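Chains as they are written, first to last, in our numbering: chain W, 1167 to 1494; chain R, 431 to 694.
Beta carbons are placed, not taken as given, at the ideal position from N, Cα and C, and that holds for glycine.
These numbers come from a predicted model, not from an experiment.
Beneath this line is the structure, given in structure tokens, with notes to follow.
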Amino acid sequence: MGSLIEVRDLSKTFKVSRRGKGIPGMVANLFVPRYEKRQAVKEVSFDIEEGEMVGFIGPNGAGKSTTIKMLSGILYPDSGSLRVAGYVPYRQRRDYVSKIGVVFGQKSQLQWDLPVIDSFELLKAIYRIPGEVYRRNLERYTEMLNMGGFLNQPVRQLSLGQRMRADIVAALLHSPRIVFFDEPTIGVDVVGKEVIRSFLRELNARDRLTMIFTTHDMQDIEKTCRRLLIIDGGSKVYDGSLEGIRAKYSAVRQLEVEFAESLTVLPMEHVTIQDLDAYKKRFLFESAQVEIQDLMNRLLSEYPVRDLNITEPAIEGIIRRIYGGEEV
Amino acid sequence: MSLIPYFAYAKKSFLGRSAYRFDHLMGIFSTCLQVFIYWNIYRALYGQRTEVDGITMAMVTTNFILSLGLREAFYTDDGYLSRKIRDGSIATELLHPISFKGRMLAENLGNALFNLIFRFAPAVLISVCIVGIQPPADAESVALFMVSAVLGYGVLWAISFACQMTAFWLMNTWSLFTVKNVFVGILSGSMIPLWFMPEWMGGVLKATPFSSIYFTPVQIYLGQLSLKEIGARCAVQLLWAAGIFLLGDFLWRRGQKKLVVQGG
């Protein structure tokens, strides 16, 4: 028995038209169209177990959305294999998609001109959701997401945050066990994001829904996911826990110390000392070379210390460095 | 396979159509106007003659009313797939556990039913009041006319469907459909009754699907065909509809592998 989601050496290449600038480029393209192959996803492999909540991140154009679209049965992979809950998504699309839910933050599946509730009713017919299940899900989710106020408004009159919540409910009405979210918080304000995050957390914790979501907001990840998949330039560059990434990438750590009096600290091996003000100093070191415990003990025993503060490098900073192309 | 989702789509598009009242009035008006113009042209061409090549003026009038009326009812949404591909909403469509082709057909049928009731019927009634119509040969002809009209719609729909599938490669299919509309307009008999086509042209037309869209039902209505001929013509309609649909289906399968979802 394998994992719920099994991805092996998944690859997808797109043909993009390459066109010169302006009118000469256009004319040239008219006669001799030139194409360029762009590999959007390169031999990506991973496993996801039932009940996991995985954050899927990477810079723009890294191949996240393409991977999600292959996982949800919309796009055909060029090579590699893909298995979700026993289905091969792109081959068994119609049976498969009734088992999953997908939210595309940038594309709505609601009917633009109709009230939200009418779109939900249409989905009820499409997925053949039993009346009982439909009512229960609708009631529960609209209450959790506080949507009672705009269920009868046409979608085109909703704010982005409201539309996003409606789209999330739309993807969950048929009780899928696996849900993919492609940028579910894009363009949503801080309060709205928090509502969505806590909703997702609750679904994962209480209903044990398996979720994968892509985002550019690291707060989304820090507040919801335990596991992180980072993809860059089409390849997987990291797969592990949020803590793991700190340990792996944040080689340089910082310790800020406030002393009781103005003093000079004797130089120490592998530690860089910076003066912040008369009493405060910052110690920079690499975790591989210096044990933080040893450093602290030494400072506490040898100097009059008033306050100690270990600052973790922000996860955003680490991600920025990974995107920048730093080797593992 | 349950039909419930498809009924839901058909119903949605049927109800959705009622929103554009002005559009319907203009549609009815334009159909009547075309009938009236063609009628006048042919009346002038006929002059004092009662018939040309055995075709009476009343038969010509009937041809225009029925084929232009049916054109109003035969709804196809030619830009459907290319729109969905261009704005990327094809992605959300493919997430639903239903057949995309079935959904296209269901939505078109919902629209076609609406058009049949609210456009075909009034346009035909008004036209008949203005220019008159030849009564059907007999009750049997009317029934067979209806069967053949449904098959004719099948042919037209299949042509639209197959042409739409090229959107996977072309992205923009507008020009292709302009060409298609010219072919359907001229070669189906809704502008020039096919009786008046030169002999060689008639032979060519027999080898194309266009004459089976409107002209076959019209001939049946007028009682021009024997029962045996009707059977053969309807079989031809069915073959065209099925054959072109299968071609479209082949393109659909190939196209899905080529699908590029635009916009993020």
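**OP:** Report the rounded CA-to-CA distance for residue 1482 of chain W versus residue 686 of chain R, giving the unit in angstroms.
**Re:** By 1-based counting over the first sequence, the position of residue 1482 of chain W is 316. By 1-based counting over the second sequence, the position of residue 686 of chain R is 256. Cα to Cα, the separation comes out at about 38 Å.
Original post:
Going along the chain, which unbroken runs of the alpha helix (DSSP H) with 4 or more residues stay wholly within the segment 628 to 681 of chain R?
Top reply: Correct list: 629 to 636 and 645 to 651.
Original post:
Between residue 1235 of chain W and chain R, is there a C-beta pair that is closer than 8 Å?
Top reply: One-based indexing of the first sequence puts residue 1235 of chain W at position 69. Chain R has a Cβ within less than 8 Å of the Cβ of residue 1235 of chain W.
**OP:** Could you confirm whether any beta carbon from chain W is found closer than 8 Å to the beta carbon of residue 536 of chain R?
**Re:** Numbered from 1 along the second sequence, position 106 holds the residue referred to as residue 536 of chain R. Using beta-carbon distances, residue 536 of chain R does not count as an interface residue toward chain W, since no partner is under 8 Å.
Original post:
Between the segment 499 to 506 of chain R and the segment 577 to 590 of chain R, are three or more C-beta pairs nearer than 8 Å?
Top reply: With the cut-off at 8 Å, the segment 499 to 506 of chain R and the segment 577 to 590 of chain R touch.
**OP:** Taking C-beta pairs closer than 8 Å, name the residues in chain R that residue 1242 of chain W reaches, listed in chain order.
**Re:** Here residue 1242 of chain W refers to the residue found at position 76 when the first sequence is read from its first residue. Chain R residues near residue 1242 of chain W: 686, 687 and 689.
**OP:** Consult DSSP for residue 1309 of chain W and reduce its assignment to one of helix, strand or coil.
**Re:** As a working note, residue 1309 of chain W is residue 143 in the first sequence. The DSSP-derived three-state label of residue 1309 of chain W is helix.
Original post:
For the segment 1336 to 1360 of chain W, which residues have a CB atom closer than 7 Å to at least one CB atom of chain R, in sequence order?
Top reply: With the criterion set as a beta carbon lying under 7 Å from some beta carbon of chain R, the segment 1336 to 1360 of chain W has no members that meet it.
**OP:** Please check if any C-beta of chain R sits within less than 8 Å of the C-beta of residue 1332 of chain W.
**Re:** In the first sequence, counting from the first residue as 1, residue 1332 of chain W sits at position 166. Not a single CB atom of chain R sits nearer than 8 Å to the CB of residue 1332 of chain W.
Original post:
Quick one: is residue 1218 of chain W buried, meaning 16 or more other Cβ sit within 10 Å of its Cβ, or exposed?
Top reply: Within the first sequence, the letter at position 52 stands for residue 1218 of chain W. Classification of residue 1218 of chain W: buried, given that the 10 Å Cβ count is 16 or more.
Original post:
If you measure from the beta carbon of residue 1459 of chain W to each beta carbon in chain R, is any gap under 8 Å?
Top reply: Sequence index remark: in the first sequence, residue 1459 of chain W carries index 293 (1-based). Not closer than 8 Å to any Cβ of chain R, the Cβ of residue 1459 of chain W fails to qualify, so no.
Original post:
Could you give the distance in angstroms between the alpha-carbon of residue 1342 of chain W and the alpha-carbon of residue 1265 of chain W?
Top reply: Taking the first sequence and counting its residues from 1, the one referred to as residue 1342 of chain W is at position 176. Taking the first sequence and counting its residues from 1, the one referred to as residue 1265 of chain W is at position 99. Taking the straight line from one Cα to the other gives about 5 Å.
**OP:** Might you give, ordered along the chain, the residues of its own chain that have their beta carbon closer than 8 Å to the beta carbon of residue 663 of chain R, omitting 5 neighbours on each side?
**Re:** Looking up residue 663 of chain R in the second sequence gives position 233. Contacts found: 578, 642, 646, 649, 650 and 655.
Original post:
Counting contacts by CB-CB distance shorter than 8 Å, is residue 639 of chain R in contact with chain W?
Top reply: Here residue 639 of chain R is taken as the residue at index 209 of the second sequence, counted from 1. Cβ-Cβ to chain W under 8 Å: no for residue 639 of chain R.
Original post:
What do you get for residue 497 of chain R, buried or exposed, if any count of 16 or more other CB atoms within 10 angstroms of its CB means buried?
Top reply: For the purposes of this step, residue 497 of chain R is taken as residue 67 along the second sequence, with counting starting at 1. Flag for residue 497 of chain R reads buried.
**OP:** Measure from the C-beta of residue 1293 of chain W to each C-beta in chain R and report whether the shortest distance is under 8 Å.
**Re:** The residue labelled residue 1293 of chain W in the question sits at position 127 within the first sequence. Yes - at least one Cβ of chain R is within 8 Å of the one on residue 1293 of chain W.
Subject >> Where the segment 1272 to 1297 of chain W meets chain R: residues whose CB sits under 7 Å from a CB there >> reply: Against chain R - using a Cβ distance shorter than 7 Å - the residues of the segment 1272 to 1297 of chain W are 1272, 1273, 1275, 1288, 1291, 1292, 1293 and 1294.
Original post:
Would residue 1197 of chain W count as contacting chain R if we go by Cβ distances under 8 Å?
Top reply: Here residue 1197 of chain W corresponds to residue number 31 of the first sequence, with the count starting at 1. For residue 1197 of chain W, the answer is no, since every Cβ of chain R falls outside 8 Å of its Cβ.
Original post:
Would residue 490 of chain R be called buried (16 or more neighbouring beta carbons within 10 Å of its own) or exposed?
Top reply: Locating residue 490 of chain R in the second sequence gives position 60, counting from the first residue. Residue environment: residue 490 of chain R is assigned as buried (16 or more neighbouring CB atoms within 10 Å of its CB, all protein chains considered).
**OP:** Name, please, each residue of chain R whose Cβ falls closer than 9 Å to the Cβ of residue 1268 of chain W.
**Re:** For the purposes of this step, residue 1268 of chain W is taken as residue 102 along the first sequence, with counting starting at 1. 521, 522 and 525, listed in chain order.
Original post:
Going by alpha carbons, who is nearest to residue 557 of chain R out of R:487, R:499, R:678 and R:688?
Top reply: The residue you call residue 557 of chain R lines up with position 127 of the second sequence. Comparing C-alpha distances from residue 557 of chain R to each of R:487, R:499, R:678 and R:688 shows the shortest one belongs to R:499.
Subject >> Reduced DSSP secondary structure (H/G/I, E/B, other) of residue 1318 of chain W >> reply: Here residue 1318 of chain W is taken as the residue at index 152 of the first sequence, counted from 1. The answer is coil: DSSP assigns residue 1318 of chain W none of H, G, I, E or B.
**OP:** For chain R, find out if any of its Cβ atoms is closer than 8 Å to the Cβ of residue 1260 of chain W; answer yes or no.
**Re:** On the first sequence, residue 1260 of chain W is found 94 positions in, with the first residue counted as 1. Yes, its Cβ sits closer than 8 Å to a Cβ of chain R.
Subject >> Coil, strand or helix - residue 1201 of chain W by DSSP >> reply: As a working note, residue 1201 of chain W is residue 35 in the first sequence. In the structure shown, residue 1201 of chain W sits in a strand (DSSP, three-state: E or B).
Subject >> Closer than 8 Å at the beta carbon, the chain W residues around residue 529 of chain R >> reply: In the second sequence, the residue the question calls residue 529 of chain R occupies position 99. Residues of chain W passing the Cβ test: 1260.
**OP:** Identify the contact partners of residue 1264 of chain W in chain R, using a Cβ-Cβ distance below 7 Å as the criterion.
**Re:** Here residue 1264 of chain W is taken as the residue at index 98 of the first sequence, counted from 1. Here the neighbours are 527.
**OP:** Count the CB pairs spanning the segment 533 to 547 of chain R and the segment 432 to 452 of chain R that are closer than 8 Å, and state whether there are at least three.
**Re:** Judged by Cβ distances under 8 Å, the segment 533 to 547 of chain R makes contact with the segment 432 to 452 of chain R, as three or more pairs qualify.
Subject >> Spatial distance of residue 529 of chain R from residue 1454 of chain W (CA atoms) >> reply: Locating residue 529 of chain R in the second sequence gives position 99, where the first residue counts as 1. Locating residue 1454 of chain W in the first sequence gives position 288, where the first residue counts as 1. Distance between the alpha carbons of residue 529 of chain R and residue 1454 of chain W is about 57 Å.
Original post:
What do you reckon, are the CB atoms on residue 1201 of chain W and residue 1183 of chain W nearer than 8 Å?
Top reply: Mapped onto the first sequence, residue 1201 of chain W falls at position 35. Mapped onto the first sequence, residue 1183 of chain W falls at position 17. A distance below 8 Å separates the beta carbons of residue 1201 of chain W and residue 1183 of chain W.
Original post:
Given a threshold of 16 other Cβ atoms within 10 Å of its Cβ, counted over all protein chains shown, does residue 547 of chain R qualify as buried or as exposed?
Top reply: Against the second sequence, residue 547 of chain R aligns to sequence position 117. By the neighbour-count criterion, in which a residue is buried when 16 or more other Cβ atoms sit within 10 angstroms of its Cβ, residue 547 of chain R is exposed.
Original post:
What residues from chain W crowd round residue 434 of chain R, counting only those whose CB sits closer than 8 Å?
Top reply: Numbered from its first residue, the second sequence carries residue 434 of chain R at position 4. Think of a sphere of 8 Å around the beta carbon of residue 434 of chain R: the chain W residues whose beta carbon falls inside it are 1291 and 1294, in chain order.
**OP:** Rounded to whole angstroms, what's the CA-CA distance from residue 602 of chain R to residue 522 of chain R? Just pull it up for me.
**Re:** Residue 602 of chain R sits at position 172 when you count from the first residue of the second sequence. Residue 522 of chain R sits at position 92 when you count from the first residue of the second sequence. Straight-line Cα distance between these residues: approximately 20 Å.
Subject >> Alpha carbon of residue 1386 of chain W to alpha carbon of residue 1421 of chain W, nearest angstrom >> reply: The count along the first sequence starts at 1 and reaches residue 1386 of chain W at position 220. The count along the first sequence starts at 1 and reaches residue 1421 of chain W at position 255. Rounded to the nearest angstrom, the two C-alpha atoms are 27 Å apart.
Subject >> Contacts that residue 518 of chain R makes with chain W (C-beta to C-beta distance below 9 Å) >> reply: For the purposes of this step, residue 518 of chain R is identified with residue 88 of the second sequence, where counting begins at 1. Result: 1270, 1272 and 1273.
Subject >> Residue nearest to residue 1329 of chain W in terms of C-alpha spacing, selected from W:1458, W:1340, W:1339 and W:1354 >> reply: Numbered from 1 along the first sequence, position 163 holds the residue referred to as residue 1329 of chain W. Measuring from the Cα of residue 1329 of chain W, the nearest candidate turns out to be W:1354.
Subject >> Extent of the continuous alpha helix (DSSP H) run through residue 460 of chain R >> reply: Counting from one through the second sequence, the residue named residue 460 of chain R turns up at place 30. Start and end: 451 to 476.
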